[in-house]
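So the sequence shown is residues 10 to 483, counted in the numbering used here.
Yeah, the Cβ is synthetic: ideal placement off N, Cα and C, and Gly gets one too.
If you're wondering where the values come from, they're calculated on a predicted model, not measured in any experiment.
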Amino acid sequence: MTGLPRRLRALPLRSRLALLVAMAVAVAVAAVAAACWFVTREQLEHQLDESLRGSKVDEPYLADLYAYCRGTTPLPPRPFTGATVQLIDSQGTVCIAPDAASKLPVGDRDREVAERKRAYALHSATAENGEDMRVHTSPLAVRGDPGAGSGSLAVSIARPLSEVTDPLSTLAWVLLLVSGIGVVGAGAAGLWIARTGLRPVDDLAHAVAHVAETEDLTVRIPVEGEDEIARLSRSFNAMAGSLATSRDRQSQLIADAGHELRTPLTSLRTNIELLARSDATGRAIPPDDRRALMSSVKAQMTELAALIGDLQELSRPDAAQPGPLQVVALHEITRNALQRARLRGPELTITAELAPWYVRAEPAALERAVVNVLDNAVKFSPAGGTIEVNLHRGELTVRDHGPGIPAEDLPHVFDRFWRSPSARQLPGSGLGLSIVARTVQHAGGEVALSPAEGGAGTVASIRLPGAPTPPPEG
10 MTGLPRRLRA
20 LPLRSRLALL
30 VAMAVAVAVA
40 AVAAACWFVT
50 REQLEHQLDE
60 SLRGSKVDEP
70 YLADLYAYCR
80 GTTPLPPRPF
90 TGATVQLIDS
100 QGTVCIAPDA
110 ASKLPVGDRD
120 REVAERKRAY
130 ALHSATAENG
140 EDMRVHTSPL
150 AVRGDPGAGS
160 GSLAVSIARP
170 LSEVTDPLST
180 LAWVLLLVSG
190 IGVVGAGAAG
200 LWIARTGLRP
210 VDDLAHAVAH
220 VAETEDLTVR
230 IPVEGEDEIA
240 RLSRSFNAMA
250 GSLATSRDRQ
260 SQLIADAGHE
270 LRTPLTSLRT
280 NIELLARSDA
290 TGRAIPPDDR
300 RALMSSVKAQ
310 MTELAALIGD
320 LQELSRPDAA
330 QPGPLQVVAL
340 HEITRNALQR
350 ARLRGPELTI
360 TAELAPWYVR
370 AEPAALERAV
380 VNVLDNAVKF
390 SPAGGTIEVN
400 LHRGELTVRD
410 HGPGIPAEDL
420 PHVFDRFWRS
430 PSARQLPGSG
440 LGLSIVARTV
450 QHAGGEVALS
460 PAEGGAGTVA
470 SIRLPGAPTP
480 PPEG
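Rendered as structure tokens:
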């Protein structure tokens with residue numbers, strides 16, 4: 010029993026569906042055929058019994074048959090055909106016509122009818138010639154013959170059961186033939202339906218196999234209808250599109266990271282080679298040049314470390330579980346970031362008006378985002394310039410008085426590694442604003458850059474949902 014399910018599971022899905030459909034149809038057809046056969050048999054047997062009950066034999070013929078059995082008169086021709094007639098007395102003696110097919114056995118019920126203990130007897134019996142018969146026995150009184158004795162005779166009328174079994178056999182063969190044709194047709198129809206219905210699944214399997222072999226994520230499956238197969242096709246297309254986008258972003262990230270890493274590494278390698286060549290040849294580098302080389306090496310190392318840190322920050326997949334959100338004071342985080350910004354731009358004037366505002370965010374990530382925004386303002390501000398920082402009702406604005414950002418560049422400022430042509434000569438990796446956008450969106454806020462009103466410069470605005478007072482504990 011355990012081998013059959015395993016064999017079924019080993020078959021293709023369409024074959025299993027066709028087989029299951031054929032089996033279901035076979036069971037249904039078998040049940041209907043069996044019910045039809047039994048109902049037909051019941052009806053034929055009932056009709057045969059009613060025919061026997063309604064069979065009448067002329068009393069003169071029965072009297073002549075009785076006289077013939079006693080040897081007094083010859084038996085005249087039988088006035089009817091199709092049935093076997095025999096007389097039975099109370100002792101079980103049988104008298105039949107000489108042209109009868111075969112004698113029927115006499116049972117106790119037949120003798121009881123002759124003795125008037127039963128009104129009639131209806132049963133099946135096998136004649137002496139082996140033929141199965143249906144027998145109806147009823148009382149008989151032969152008039153005009155006192156020797157018969159009142160109530161001492163019974164007449165049995167029998168018809169062959171082949172009148173029932175032969176039609177039933179024919180019906181059984183017909184039902185078997187029709188059932189076989191129905192099962193085969195159902196199996197073929199089931200196979201056709203399975204092939205038609207599972208064609209999208211085949212397309213999906215071929216598409217998955219093609220993607221696995223070629224890594225081609227541009228494959229799409231045509232979607233037809235609104236059923237489960239259509240939803241599965243849409244899900245596959247969406248998954249393939251997401252994977253293609255993710256792979257493109259990964260490839261772009263690797264290419265951009267390689268490009269950005271190449272510049273500081275090249276400069277660093279050049280400076281180190283100059284220092285090594287000086288030591289190898291014994292030709293000392295002038296002190297001012299050596300200090301400049303060492304400062305350049307230190308700057309390149311700092312830039313490289315910052316770039317690696319930014320890459321580590323962005324290496325976390327967007328779908329990964331974000332860090333836990335906590336209630337933090339945005340004004341305190343901004344105040345800490347301002348201290349670092351003043352150290353990086355001591356020649357700049359940084360003004361700040363910070364109203365209390367509490368938000369739910371990752372503290373370290375949010376501070377890094379604010380620092381990145383302030384770093385950009387410091388980087389693009391002219392010497393002796395002013396940076397204005399304001400925090401009011403959850404909106405943090407940082408305004409610098411630098412050259413500003415061209416309108417055509419604004420849609421790209423939050424892209425990874427994107428840097429405007431005017432900023433390519435300045436230190437940086439082009440990842441800072443990407444980290445800012447990601448952190449702010451994670452906290453449920455918005456970030457935007459826009460040209461400053463009434464003069465040169467740029468305004469960076471961060472909006473975060475929160476409240477001016479911390480929520481109650483517990």
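Item, Value
"With distances taken from CA atoms, which of M142, G454, Q52 is nearest E404?", "G454"
"State the DSSP-derived secondary structure class of A345, mapped to helix, strand or coil.", "Correcting the residue type first, residue 345 is Asn in the shown sequence and not Ala. Three-state DSSP puts N345 in a helix."
"Assign P460 to one of three DSSP states: helix, strand, or coil.", "strand"
"Output the distance between the C-alpha atoms of N381 and V217, rounded to the nearest integer angstrom.", "43 Å"
"Helix, strand or coil: how does DSSP classify D117 here?", "helix"
"If you drop the 5 nearest sequence neighbours on each side, which residues of the same chain put their C-beta closer than 7 Å to that of V122?", "Y129, A130, T146, S147, P148, A163"
"Check for me: the alpha helix (DSSP H) holding P372 runs from which residue to which?", "372-389"
"Give every residue of the same chain whose Cβ lies closer than 6 Å to the Cβ of G354, excluding the five residues on either side of it in the sequence, and list them in chain order.", "V387"
"Can you tell me where the beta strand (DSSP E) holding V407 begins and where it ends?", "404-408"
"Indicate whether at least one CB of chain C lies closer than 9 Å to the CB of R127.", "Absence of chain C from the displayed structure is noted, only one protein chain being present."
"Should S304 go down as buried or exposed, given a rule of 16 or more other Cβ atoms within 10 Å for buried?", "exposed"
"Are the stretch 90-106 and the stretch 58-74 in contact at 8 Å, needing three or more beta carbon pairs?", "yes"
"Would DSSP call N399 helix, strand or coil?", "strand"
"Is V336 helix, strand or coil by DSSP?", "strand"
"Reducing DSSP to helix, strand and coil, say where Q434 ends up.", "At Q434, the pLDDT of 49 sits below 50, so the modelled position is not reliable and the matter cannot be decided from this model."
"Let me know if R433 comes out buried or exposed under the rule of 16 or more other beta-carbons within 10 Å of its beta-carbon.", "Residue placement at R433 is flagged as unreliable, the pLDDT there being 48, under the threshold of 50; a coordinate-derived value is accordingly withheld."
"Count the other CB atoms, across all protein chains shown, that sit within 10 Å of the CB of R447; report buried if there are 16 or more and exposed otherwise.", "buried"
"By Cβ distance below 7 Å, which residues in the same chain neighbour L26 in space, the five residues on each side in sequence not counted?", "G199, A203"
"Could you compute how far the alpha carbon of S255 sits from the alpha carbon of I230?", "20 Å"
"Quick test of your reading: G466 and D409, contact by CB under 8 Å. State the CB separation rounded to the nearest angstrom.", "5 Å"
"Output the distance between the C-alpha atoms of R208 and L241, rounded to the nearest integer angstrom.", "13 Å"
"Name the DSSP beta bridge partners of Q56, please?", "BP columns for Q56 are empty, so no partner."
"Between P420, F47, A293, A350, which lies nearest to L184 when the distance is taken from Cα to Cα?", "F47"
"Can you give me the Cβ contacts of Y419 inside the same chain, cut-off strictly under 7 Å, excluding the 5 residues immediately before and after it?", "Going by the sequence as given, residue 419 is Leu instead of Tyr. Taken in chain order, the residues that qualify are L458."
"Taking the beta strand (DSSP E) that A214 belongs to, which residues open and close that run?", "Note, A214: premise wrong, no beta strand (DSSP E); alpha helix (DSSP H) at 208-223."
"Taking a contact to mean a Cβ-Cβ separation below 9 Å, would you say V38 touches V187 in this structure?", "yes"
"Measure the alpha-carbon distance for D288 versus H451 and round it to whole angstroms.", "52 Å"
"Can you have a look at V379 and say buried or exposed, based on whether 16 or more other CB atoms are within 10 angstroms of its CB?", "buried"
"When the Cα atoms are used, what is the spatial distance from A134 to S165?", "11 Å"
"Helix, strand or coil: how does DSSP classify A392 here?", "coil"
"Do you know offhand how far A461's Cα is from E397's?", "11 Å"
"Any idea what DSSP makes of L13, helix, strand or coil?", "Caution applies to L13, whose pLDDT of 49 falls short of 50 and renders its modelled position unreliable; the value that the coordinates give is listed next. Of the three classes helix, strand and coil, the one that applies to L13 here is helix, per DSSP."
"Rounded to a whole number of angstroms, what is the C-alpha to C-alpha distance between L363 and L352?", "19 Å"
"Among the candidates E140, Y367, A197, S390, whose CA atom is the shortest distance from the CA of P412?", "S390"
"What residues match up with I166 in a beta bridge as DSSP calls it?", "V94, H145"
"Do you know offhand how far G393's Cα is from T360's?", "13 Å"
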